[in-house]
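Student: For the sequence shown, the working numbering begins at 123 and goes up steadily by one.
C-beta: ideal position from N, C-alpha, C; glycine also.
First, the structure itself, so that you have it in front of you.
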Amino acid sequence: MKKFFSMAALALVGAMMTGCSNEDSTTDTPQQPANTGKTVTLTTTVGLDSGTRALDGSGNKTFAEGDEMAVIYKNTNNETMKAVGTLTDGAGTASATFTFTLTDPDNTKAIRYIYPAAMAKDVATDATIDDAGTVDFDKLNNQDGTLATLGSNLDLCTLDAASWTSGTLPTGTLENQLAILAITLKNSDGSSEITDDITGLTLSDGTNDYAVSRSTAAGPIYVAIQPTADATITVTATDGTKNYTKTLTTSKTYAASNGYSVSWRMAEALPALNITSPSVGQVIGSDGKNYDYANLPSGVTAVAKICYVSGSNGLALALTDEGQMNWSTAQTTCAAHTPAFTGGTWKLATKDEWNNMISAAGGASDLRNGFSSVGGTNLQSDLYWSSTEYGSSSAWDYPFNMGLWFHQTKDNSRYVRACLAF
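Right, here's the structure in full:
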């Protein structure tokens, strides 16, 4: 692990307080209470050391033009309020000046700084001034994997004070609340790096999910996460065509204020079947979805033709034969057919399943001749094995040129076509 973060010092100097005062009334109009509508302007200089935000390329930490910091406080009605201060001076340096306008602040109550302001919630008036009430951790489930965005919008640090001196904001040290991972990914045997190909990545620690969607795919994938202690982390990734998965088998601890360079080998994940309103004649694509053959998306290939549907379930035949083989080999060969899917099973069809597919197609001849139109090879006009046994040494087979079922010795060679049950 490479630690590339440190704590930031917050130096608040030159606090200035101005307010509106009530003058003596020269009419009979009643005066308003002294604090009603009172605004306070506080100009604060904030100092950074080398690690408040995500590291830039040189490792130097400076404020940037447009930076914002939020202040969460209580007003005199005990309502929770938020003010956002925009950088007014100091862009490109390690210290900068922010100006806040607070309304009726109650300095006897808690106050919190949140930097950057993008990580602060739009607080409810009864919100508690703590992580749950003030920090928008949901932002961490919509990251783009770049260092620039992470540093500007996500690299959360906070400072809390129980009370503060009227007219003077509290001083102290901003504390980083997140761990930052700089991730590189390799294929399953480590022979090649796939980081630049990855367009989407999700980390899950069992409690929180962190999703990354990349439009710019170059270099490490930077992800901000809440600290973990002995967590089992699951990683999923995609390049738009292939899916990858990784479970970190050793429980991981990633501490706040730290950065970690990590490299993981990713196993190629099985696509999940996602069949919607299937109909006979459609094809199942390599992505596990069903399509009309003419509407296959770019990059998706047809792998099976749907030949029978019952509700949301059905049977699809592979587009080519496995060859001719004995009954036992036919079973194992069909079970190992690729591509494999989660939510579906490749198999040698039973006698009843063959009958259902033949009936749905309109007859044996229509089923046999229906594959060339979807990029496949028509069934032979010869005997095909079913998985249904006739006895201990024989099983049922079907000759498409005759349309009748026969039982044959299992040692005989027959044609084999794998069937996908979904």
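Give me the Cα-Cα distance between N534 and S450, rounded to the nearest whole angstrom.
Tutor: In a straight line, the C-alpha of N534 is about 10 Å away from that of S450.
Student: Name the residue from T472, C456, T161 and D409 whose alpha carbon lies nearest to the alpha carbon of D546.
Tutor: The requested residue 546 is not part of the displayed model; the chain covers only 123 to 544.
Student: Give the single residue among I251, C279, S383 and N330 whose Cα lies nearest to the Cα of N263.
Tutor: When only C-alpha atoms are compared, the closest one is N330.
Student: By Cβ distance, which residues of its chain are closer than 8 Å to D443, with the 5 residues on each side in sequence left out?
Tutor: Only T499, L501, Q502, Y537, V538 and R539 meet the Cβ criterion.
Student: If we count Cβ pairs, one from each stretch, closer than 8 Å, do we get three or more for the segment 207-215 versus the segment 255-270?
Tutor: Judged by Cβ distances under 8 Å, the segment 207-215 makes no contact with the segment 255-270, as fewer than three pairs qualify.
Student: Report the partner residues of D319 according to the DSSP bridge assignment.
Tutor: For D319, which the question treats as bridged, DSSP gives no partner whatsoever.
Student: Excluding the 5 residues preceding and the 5 following A242 in the sequence, name in chain order all residues of the same chain whose CB lies nearer than 8 Å to its CB.
Tutor: Here the set comprises A192, I194, K204, V206, I236, T256, V257 and D258.
Student: Since V345 and L325 should fall inside the 8 Å C-beta cutoff, what is the C-beta to C-beta distance between them, to a whole number of angstroms?
Tutor: Yes, V345 and L325 are in contact; Cβ-Cβ is about 6 Å, under 8 Å.
Student: Return the chain-ordered ranges of every beta strand (DSSP E) run that is complete within the segment 518-543 and spans a minimum of 3 residues.
Tutor: DSSP runs (the beta strand (DSSP E)) wholly in the segment 518-543: 528-531, 536-538 and 541-543.
Student: Considering only residues of the segment 297-360, which uninterrupted beta strand (DSSP E) runs meet the minimum length of 3 residues and lie entirely inside it, listed in chain order?
Tutor: Whole beta strand (DSSP E) segments, 3+ residues: 301-308, 322-326, 331-335, 343-347, 350-353 and 356-360.
Student: Quick one: which unbroken alpha helix (DSSP H) runs of 4-plus residues sit fully inside the segment 427-502? Chain order, please.
Tutor: Runs of the alpha helix (DSSP H) inside the segment 427-502: 449-457, 473-483 and 486-490.
Student: Excluding the 5 residues preceding and the 5 following T510 in the sequence, name in chain order all residues of the same chain whose CB lies nearer than 6 Å to its CB.
Tutor: Same-chain partners within the cutoff: T472, K473 and W518.
Student: What span of residues does the beta strand (DSSP E) with D414 cover, start to end?
Tutor: It is not in any beta strand (DSSP E) - D414 carries neither H nor E in the DSSP assignment.
Student: Can at least three beta-carbon pairs, one atom from the segment 300-318 and one from the segment 382-399, be found at a separation below 8 Å?
Tutor: At 8 Å Cβ cutoff, the stretches touch.
Student: Span of the beta strand (DSSP E) holding D253?
Tutor: Looking at the DSSP string, D253 is not in any beta strand (DSSP E); the run it does join, the alpha helix (DSSP H), is D253 to T256.
Student: Return the chain-ordered list of same chain residues with a C-beta closer than 7 Å to the C-beta of H459, the five sequence neighbours on each side being excluded.
Tutor: Only A440, W468 and A540 meet the Cβ criterion.
Student: Tell me whether the segment 287-303 and the segment 341-355 touch, counting them as touching only if at least three CB pairs, one residue from each stretch, are closer than 8 Å.
Tutor: In short, these stretches touch, since the Cβ pair count reaches three.
Student: Mapping the DSSP letters down to three states, classify K71 as helix, strand or coil.
Tutor: Since the first and last residues shown for the chain are 123 and 544, residue 71 lies out of range.
Student: Name the DSSP bridge partner or partners of F259?
Tutor: Answer by DSSP bridge pairing: none, since F259 is not bridged.
Student: Buried or exposed: where does E390 fall if 16 or more other Cβ atoms within 10 Å of its Cβ makes it buried?
Tutor: When all chains shown are included, E390 counts as exposed.
Student: Ordered along the chain, which non-local residues of its own chain (more than five positions away) have a Cβ less than 8 Å from that of T531?
Tutor: Hits under 8 Å: S515 and S516.
Student: Assign N523 to buried or exposed, taking buried as 16 or more other Cβ atoms, counted over all protein chains shown, within 10 Å of its Cβ.
Tutor: Per the 10 Å Cβ criterion, exposed.
Student: I need the DSSP call for N275, collapsed to helix, strand or coil.
Tutor: N275: helix per DSSP, three-state reduction.
Student: I'd like to know whether the C-beta atoms of Q453 and L437 end up nearer to each other than 8 Å.
Tutor: Taking 8 Å as the Cβ cut-off, Q453 and L437 do not qualify as a contacting pair.
Student: Give a yes or no on whether the C-beta atoms belonging to G267 and V334 are separated by under 8 Å.
Tutor: Going by C-beta atoms, G267 is nearer than 8 Å to V334.
Student: Let's test the definition: count the other Cβ atoms within 10 Å of the Cβ of E475 and tell me whether it reaches 16, buried, or not, exposed.
Tutor: Buried is the call here.
Student: Taking the beta carbon of D189 as the centre, do at least 16 other beta carbons fall within 10 Å, making it buried, or is it exposed?
Tutor: So D189 counts as buried.
Student: Residues bridged to P227 by DSSP?
Tutor: N197, per the DSSP bridge assignment.
Student: Locate the beta strand (DSSP E) running through M241, then write down its first and last residues.
Tutor: It is not in any beta strand (DSSP E) - M241 carries neither H nor E in the DSSP assignment.
Student: Please name the residue, chosen from F220, N417, A483 and K231, that lies closest to I428 on a Cα-to-Cα basis.
Tutor: The option with the nearest alpha carbon to I428 is A483.
Student: What residue from Y512, L281 and L224 has the CA that sits closest to G238's CA?
Tutor: With the sequence shown as reference, residue 238 is identified as Pro, and Gly is not the correct amino acid for it. Here the closest residue by C-alpha is L281.
Student: Between the Cα of V245 and the Cα atoms of I480, A339 and T202, which residue gives the shortest distance?
Tutor: The shortest Cα separation from V245 among I480, A339 and T202 belongs to T202.
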